[in-house]
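Beneath this line is the structure, given in structure tokens, with notes to follow.
Numbering (our numbering), first residue to last: 1 to 596.
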């Protein structure tokens, strides 16, 4: 396991500098950088007072380098672009008043600690008290030793597969989820905040672990263009050849591949509220950029730059939705027309430029081409790269999707709106690779079932039945029940005026209650009968074949609290959702149907 860190993420490892800093000691960590050419990001930092920064330095202050600032001393260790996406080992050894820095087991320099700015307070990982600093990447094998390790000992630590817990003088050690070997005396709690989470990595570590580098938990953003409109990325993240470095590393520059974008109306990439509009610059490279800043969330602003003067139809305080028109692309403050989009912590209008930085914001549900439009590939959520052509996909199906997301780094495979033949081929291809059904939905288009499915990693058996009549489904259920199979997924659609059942079963031995094709009154009566006995909803599927809604439901035994509604229109559901959200309730089971 390792600790993955992105914007806002940090870990409090419950170590006070008073425990080790004044005497001889050694601090070590393994790290993988997600980006180079960016702003300062501490692997290790102080939360409190004084100075303790160990991590990536700001590219604009001396190129790519590691920066170590401890009390009154400091050191820069040059690195190169090969550090992006690869594992490295860092150690700081204090002996007397001198700290020696080791990179990958070899001494990289030393400095005098000095008497000023002694760190006081807690040790944090990934982020300190500075709002404009953040480490992006993976961290593992963090260790604090109550002795100055020799050069040979540091080299041995760097060469080891991982921290074992048997190392001499270990005051505190962290392996992030696999700490059974760390002795109790050296084991500390680890408190994570959003933007920090544990990920499983390879054994031994390798470049493939770069697949576990995280996406920032910013608002879900789409390309700021209409569906189907193709743009190309003239600049993307951390481009040292032009301007996207340091505090400005995480920006997108959009142009059109074969035509000028000058005067083109661009759209909002995400909802929010207009925080600032500035249109005082002419549509030339002379002067500052015209821009709009939209607050998408607290501490998160989408800044759109280089607008044509007086082209914005919005004003401060306006509520903005996905795809709303914001203004015309221009060349104010830049050499050639393009749209500059960046998510920032303070907004382009801030006067606090010392603490102003960009945030790596992923884009959602877009298509990219690496061969100038000859082939296109869909991305659920990711970072488009410089030179790619990108577009918002144009729907080609009458099917529309409703979904909810929760933070996770778990891998997924999806397939959308396909025939049973294509679905089955995908299922059979990935089953032996350890993928199991996580979600399944079937909608009939012109009388033909279309399948949308999500798989996640899993083990164990799985049995399914597809597009079956109730009699066929019930026979399969009754056959599998005594053999120890229970419902994992169920979906009910309508084809030819009749309900059709699709279900997946997994090995379990728990009890279940079900009700099939019930009216609202029958469902409510059943619900009330078994609630007091500790049964709660596990699956719910509703259909309307012309005689009103019919409900299929499955209950499992648990005493967890539960609230439910049924048959509500969107406005009522949304109002109830917003009330319950503030009270700490989250969606558990969700279904929709077309009422006759």
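Every residue gets a Cβ at the ideal spot worked out from N, C-alpha and C, and that includes glycine.
Quantities reported herein were computed from a predicted structural model and do not represent experimental measurements.
Residue i in three-state terms, based on DSSP
| i | result |
| --- | --- |
| residue 488 | strand |
| residue 494 | strand |
| residue 76 | strand |
| residue 34 | coil |
| residue 597 | With the chain represented from 1 up to 596, any question about residue 597 goes unanswered, as that position is not in the structure. |
| residue 354 | helix |
| residue 480 | helix |
| residue 570 | helix |
| residue 39 | coil |
| residue 597 | It is not possible to answer for residue 597, since the shown part of the chain is limited to 1 through 596. |
| residue 190 | coil |
| residue 179 | The predicted position of residue 179 is uncertain, since its pLDDT is 48 and thus under 50; a value taken from the coordinates is nonetheless stated next. In this structure, residue 179 counts as helix in the three-state DSSP scheme. |
| residue 580 | helix |
| residue 124 | strand |
| residue 663 | Any property of residue 663 remains undetermined from this structure, which presents the chain solely from 1 to 596. |
| residue 13 | strand |
| residue 208 | helix |
| residue 436 | strand |
| residue 227 | strand |
| residue 2 | strand |
| residue 564 | coil |
| residue 431 | helix |
| residue 133 | coil |
Candidates the options, of which the one nearest residue i by Cα
| i | options | result |
| --- | --- | --- |
| residue 360 | 238, 223, 489, 586 | 238 |
| residue 117 | 264, 474, 49 | 49 |
| residue 371 | 459, 388, 319, 37 | 388 |
| residue 28 | 10, 231, 88 | 88 |
| residue 288 | 275, 263, 335 | 335 |
| residue 268 | 301, 225, 286, 25 | 225 |
| residue 45 | 519, 63, 126 | 126 |
| residue 93 | 492, 211, 102 | 102 |
| residue 524 | 553, 205, 506 | 553 |
| residue 201 | 356, 506, 411, 590 | 411 |
| residue 449 | 488, 501, 428, 147 | 501 |
| residue 286 | 432, 272, 309 | 309 |
| residue 207 | 220, 250, 137 | 137 |
| residue 104 | 79, 97, 115 | 79 |
| residue 250 | 358, 2, 257 | 358 |
| residue 313 | 86, 480, 277, 235 | 277 |
| residue 566 | 549, 322, 555, 482 | 549 |
| residue 43 | 129, 95, 108 | 129 |
| residue 322 | 257, 148, 227, 376 | 227 |
| residue 236 | 362, 10, 564, 24 | 362 |
| residue 515 | 507, 527, 505 | 527 |
| residue 586 | 508, 564, 348 | 564 |
| residue 373 | 229, 467, 589 | 229 |
| residue 14 | 157, 192, 61, 132 | 192 |
Pair within 8 Å by beta-carbon distance, residue i and residue j
| i | j | result |
| --- | --- | --- |
| residue 597 | residue 83 | Because residue 597 is not part of the residues shown, which for the chain are 1 to 596, the question remains open. |
| residue 113 | residue 70 | yes |
| residue 385 | residue 233 | yes |
| residue 510 | residue 474 | no |
| residue 545 | residue 497 | yes |
| residue 214 | residue 414 | no |
| residue 246 | residue 383 | no |
| residue 518 | residue 490 | no |
| residue 57 | residue 111 | no |
| residue 429 | residue 492 | no |
| residue 351 | residue 303 | no |
| residue 86 | residue 1 | no |
| residue 122 | residue 189 | no |
| residue 503 | residue 464 | yes |
| residue 368 | residue 390 | yes |
| residue 480 | residue 198 | no |
| residue 231 | residue 256 | yes |
| residue 377 | residue 393 | no |
Any non-hydrogen atom of the ligand MN closer than 7 Å to residue i Cβ
| i | result |
| --- | --- |
| residue 516 | Ligands are entirely absent from the displayed structure, and the ligand MN is therefore not among its contents. |
Is the stretch 293 to 300 in contact with the stretch 332 to 340, if contact means three or more CB pairs nearer than 8 Å?
no
Scan the stretch 359 to 396 and note each continuous beta strand (DSSP E) run of 3 residues or more that stays entirely inside, going in chain order.
363 to 369, 377 to 382, 389 to 391
How do the stretch 552 to 567 and the stretch 530 to 543 stand: do at least 3 beta-carbon pairs fall below 8 Å, yes or no?
yes
Which ranges does the beta strand (DSSP E) cover as unbroken runs of at least 3 residues, wholly within the stretch 41 to 102, from first to last along the chain?
41 to 49, 52 to 56, 65 to 70, 73 to 78, 87 to 95
Across the stretch 254 to 271 and the stretch 313 to 330, are there enough close Cβ pairs to call them in contact, namely three or more that are closer than 8 Å?
yes
Would you list, in sequence order, the uninterrupted alpha helix (DSSP H) runs of no fewer than 4 residues that lie entirely inside the stretch 243 to 294?
none
With a floor of 4 residues, list each alpha helix (DSSP H) that falls wholly inside the stretch 506 to 552, ordered by position along the chain.
520 to 531
The stretch 127 to 147 / the stretch 161 to 173 touching (three or more Cβ pairs under 8 Å):
Yes, they touch.
Which runs of the beta strand (DSSP E) at least 3 residues long sit entirely within the stretch 291 to 321? Give them in chain order.
291 to 297, 300 to 305
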